[in-house]
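Novice: Once you've had a glance at the structure underneath, I'll fire off some questions.
Chains as they are written, first to last, in the working numbering: chain V, 112 to 485; chain A, 1496 to 1796.
Structural data, given as structure tokens:
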């Protein structure tokens, strides 16, 4: 499938007085994508979405939909529809009137309107709810009304502003997969704004991570997780152990980072392409750290993909969190530094293997750490 | 204060004694006395004997007085509608103003309350009278226009000042002026509560500004419209000062007639009957309106 660009932000900057909400963002979104704008609150993601919907005007730059500059087009003339964070279901209209509102103001004739409202309600599994009033619906049902109301207009792009944040945890999980299935079914480009990284990783085909108005990284969920381009992204997406160090060796097929935060140097099986002696950060995900028993004359584990004394450090389990499917170990290493490791409980007795105050070796493979230059 | 209200009954009763006593002693009791008078007649210059007669009411529903009551209702209704037409845009402007401007605008709305009604009404007279600002201003424009047209040989002739004072127009104008803040404030309160994203959703779904106003803003502002209309309508029906000062001989409202019964005519029983007739009719009007509203909501729901 060749990707066709549907939306293009070109050097978009938005200032509110002196505050820069969005800072020179350029971004292309392809047709049929489930795209997530991810970032902490106040990072500018919602402002970017509202500019796309037409509720804010960019201070600088252009927004193109299908190659057409829409910066001067009012919201009611744009081929995009939005699902609001509060759902914004009209409280004085029935469910059917809510869903049919956009068709009514477009002058769609009654029979076709009724038919399309029926279809849209069926799509979000609210068949038979047409006559109800919004105050007779649960939060999840109100959200479906908002979804149906936007989809019935057959927009080029559907915008979702924190759509799951008002739902309880269980429903949120269910809606995640439902939204993804829905997008698959209708084939419309979805753009979702969220501060919840799990949500973005679970649903999106591609994510843009934003921080302080700046675009940090645009990548698939797995690339964001495994190949973050900055400390911010590594830290924001998932859990991470971060060590500051110095690039001691950097060759095309290997690199070594010396760090005072770990008793052993970090060996990598690939080049980093940074300046020699530059300050770098090693990001190591907890599940990529292996635990081994230590003490009573046991030798340290040997890593077959790294030289001796690299990628192996001794430590002591200080805290253990049992989560059922996995256990989280907080291990104290030399200098009092805590390192988090995660271990799947593969057998029913697995979680008893390691316990509090147990001396352990921590090790990781040469391909596991990500080295960050900023 | 986390105890439930039921448990604090004694406290509530204690706190309630003073206002209840006040209302009973200075509102309900005098009202009851006047109500009693409406079933009595003058036995001497200063004595009223309450003998259960209905003659005052029979007198009150004569076409002359009934006509004045109906006219009062008509003036009040007109005032309410005009206040709504003028007040809605004002309320919208305040709602969507920046927080700083909003404070100033709200103060401007309340500013008239700081001035005595009498002074405000006299000020209005200075604006509307024959030599008032409006007529003087119009006169200047007129004579300028006349001089200009005289160059082409078509002078307009002398300016005849408009009759803006001492007529029905002046009364309704004055009532609108006095009642406008009472309409704007409830409307503003209703609009301010309105979730902005509902307006954005309407725009997003393809509705223009006017459609959004008609189909989303107005229906959701109905509670504000109703309370605004009530607090405008009811005081307007019983308006006394405005028609007294701004009205002419034919623009008497019912409150002026009642005042004459109590003072000039020294016929308290008839004045009382007129007062209560007005009150009954006001209650009736509100009840009818409430029933209509309830039926409409029920039909929709």
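All residues carry an ideal CB built from backbone N, CA and C; glycine is no exception.
#1: Under the assumption that residue 423/V contacts residue 479/V (Cβ atoms under 8 angstroms), give the Cβ distance between them as a whole number of angstroms.
#2: Across the stretch 200-219 of chain V and the stretch 166-173 of chain V, are there enough close Cβ pairs to call them in contact, namely three or more that are closer than 8 angstroms?
#3: Less than 8 angstroms separating the beta-carbons of residue 261/V and residue 192/V?
#4: Can you check whether the C-beta of residue 141/V is within less than 8 angstroms of a C-beta belonging to chain A?
#5: Spell out the partners DSSP gives residue 269/V in its beta bridges.
#6: If you count every other CB in all the chains shown that lies within 10 Å of the CB of residue 386/V, and 16 or more means buried, which is it?
#7: Please confirm whether residue 1719/A has its beta-carbon closer than 8 angstroms to some beta-carbon of chain B.
#8: Pull up the distance between the alpha-carbon of residue 1509/A and that of residue 1502/A, whole angstroms please.
#9: Return no unless some Cβ of chain A is closer than 8 angstroms to the Cβ of residue 162/V.
#10: What are the start and end residues of each continuous beta strand (DSSP E) run of 3 or more residues lying completely inside the stretch 311-370 of chain V, in chain order?
#11: Name the chain V residues whose beta carbon is nearer than 8 angstroms to that of residue 1598/A?
#12: Since residue 1784/A and residue 1730/A should fall inside the 8 angstroms C-beta cutoff, what is the C-beta to C-beta distance between them, to a whole number of angstroms?
#13: According to DSSP, is residue 1676/A part of a helix, a strand, or is it coil?
#14: With a cut-off of 8 angstroms, do at least 3 Cβ pairs link the stretch 1684-1691 of chain A to the stretch 1739-1750 of chain A?
#15: Between residue 1788/A and chain V, is there a C-beta pair that is closer than 8 angstroms?
#16: Identify, in the order they occur along the chain, each residue of the same chain with its Cβ nearer than 6 angstroms to the Cβ of residue 155/V, setting aside the five sequence neighbours on each side.
#17: Can you tell me which residues form a DSSP beta bridge with residue 471/V?
#18: Ordered along the chain, which non-local residues of its own chain (more than five positions away) have a Cβ less than 8 angstroms from that of residue 1540/A?
#19: Have a look at residue 1582/A and residue 1722/A and give me their C-alpha separation to the nearest angstrom.
#20: Determine the contact status of residue 220/V and residue 259/V, defining contact as a CB-CB distance below 8 angstroms.
#21: Would you decide whether residue 421/V is buried or exposed? Buried here means 16 or more other CB atoms lie within 10 Å of its CB.
#22: Taking residue 193/V as the query, report the chain A residues whose CB atoms sit under 7 angstroms from its CB, ordered along the chain.
#23: Using a 10 Å radius around the Cβ and a threshold of 16 neighbouring Cβ atoms, would you call residue 266/V buried or exposed?
#24: Measuring alpha carbon to alpha carbon, tell me which residue in 175/V, 434/V, 453/V and 447/V is nearest residue 440/V.
#25: From residue 457/V to residue 464/V, what distance separates their C-alpha atoms?
#26: Do you know offhand how far residue 379/V's Cα is from residue 346/V's?
#27: Rounded to a whole number of angstroms, what is the C-alpha to C-alpha distance between residue 112/V and residue 293/V?
#28: Would DSSP call residue 172/V helix, strand or coil?
#29: Residue 351/V and residue 300/V - do their beta-carbons sit closer together than 8 angstroms?
#30: Nearest to residue 314/V by CA position, among 289/V, 359/V, 328/V and 329/V, is which residue?
#31: Quick one: Cα of residue 286/V to Cα of residue 223/V, how far?
#32: Report all residues from its chain with a CB closer than 7 angstroms to the CB of residue 402/V; omit the five preceding and five following residues, and keep chain order.
#33: Short of 7 angstroms Cβ to Cβ, which residues in the stretch 1668-1697 of chain A face chain V?
#34: If I follow the unbroken alpha helix (DSSP H) through residue 225/V, where does it start and stop?
#35: Find the residues of chain V that neighbour residue 1706/A, judging by a C-beta separation of less than 7 angstroms, and give them in chain order.
#36: By DSSP's criteria, residue 433/V is part of a beta bridge. Which residues make up the other side?
Specialist: Checking against the coordinates, here is how it stands:
#1: That belief does not hold up - the Cβ atoms of residue 423/V and residue 479/V are roughly 13 angstroms apart, past 8 angstroms.
#2: The answer is no - the stretch 166-173 of chain V does not touch the stretch 200-219 of chain V, with fewer than three Cβ pairs under 8 angstroms.
#3: Cβ distance < 8 angstroms, so residue 261/V and residue 192/V count as in contact.
#4: Residue 141/V does not count as touching chain A.
#5: Answer by DSSP bridge pairing, in chain order: 192/V and 301/V.
#6: An exposed status is given to residue 386/V, since fewer than 16 other beta-carbon atoms sit within 10 Å of its beta-carbon.
#7: Looking at the structure shown, chain B is missing, and the protein chains on hand are V and A.
#8: Linking residue 1509/A to residue 1502/A through their CA atoms gives a straight-line distance of about 13 angstroms.
#9: Cβ-Cβ to chain A under 8 angstroms: no for residue 162/V.
#10: Look at the stretch 311-370 of chain V and you find these whole runs of beta strand (DSSP E), each 3 residues long or longer: 317-322, 325-330, 352-362 and 365-369.
#11: Those do not exist, as residue 1598/A stays about 18 angstroms from chain V at its closest Cβ, beyond 8 angstroms.
#12: That pair is no contact at about 16 angstroms.
#13: Residue 1676/A falls in the helix class under three-state DSSP.
#14: Three or more beta-carbon pairs separated by less than 8 angstroms are not found between the stretch 1684-1691 of chain A and the stretch 1739-1750 of chain A, which leaves the two stretches without contact.
#15: By this cut-off, residue 1788/A is not an interface position.
#16: Excluding positions up to five away in sequence, the list reads 132, 133, 321 and 324.
#17: 404/V and 426/V, per the DSSP bridge assignment.
#18: Only residues of its own chain outside the window of five on either side were considered, and among them 1761 have a CB closer than 8 angstroms to the CB of residue 1540/A, listed in chain order.
#19: One C-alpha to the other measures close to 13 angstroms.
#20: No, the Cβ-Cβ distance between residue 220/V and residue 259/V is not below 8 angstroms.
#21: Counting Cβ neighbours within 10 Å, residue 421/V comes out buried, since at least 16 surround it.
#22: Going along chain A in sequence order, the residues near residue 193/V (Cβ under 7 angstroms) are 1699.
#23: Around the CB of residue 266/V, 16 or more other CB atoms lie within 10 Å, so the residue is classed as buried.
#24: Put simply, of 175/V, 434/V, 453/V and 447/V the residue whose alpha carbon is nearest the alpha carbon of residue 440/V is 453/V.
#25: For residue 457/V and residue 464/V, the distance between alpha carbons rounds to 11 angstroms.
#26: Going from the Cα of residue 379/V to the Cα of residue 346/V covers about 20 angstroms.
#27: Interpretation of residue 112/V is limited by its pLDDT of 49, a score under 50 that renders its predicted location unreliable; the figure taken from the coordinates is listed afterwards. Going by the C-alpha atoms only, they are around 20 angstroms apart.
#28: Collapsing the DSSP output to three states places residue 172/V in a strand.
#29: Not a contact, by the Cβ cut-off of 8 angstroms.
#30: Ranking the options by Cα distance to residue 314/V, first place goes to 289/V.
#31: Each residue's Cα considered, the two are about 29 angstroms apart.
#32: If we look at residue 402/V and ignore the five residues flanking it on each side, its Cβ neighbours are 440, 452, 454, 465, 471 and 473.
#33: Taken in chain order, the members of the stretch 1668-1697 of chain A whose beta-carbon sits within less than 7 angstroms of a beta-carbon on chain V are 1690, 1692, 1693, 1695 and 1696.
#34: If you look at residue 225/V, you'll find it in the alpha helix (DSSP H) that goes 221-234.
#35: Ordered by position in chain V, the residues that pass the 7 angstroms Cβ test against residue 1706/A are 216.
#36: BP columns for residue 433/V point to 438/V.
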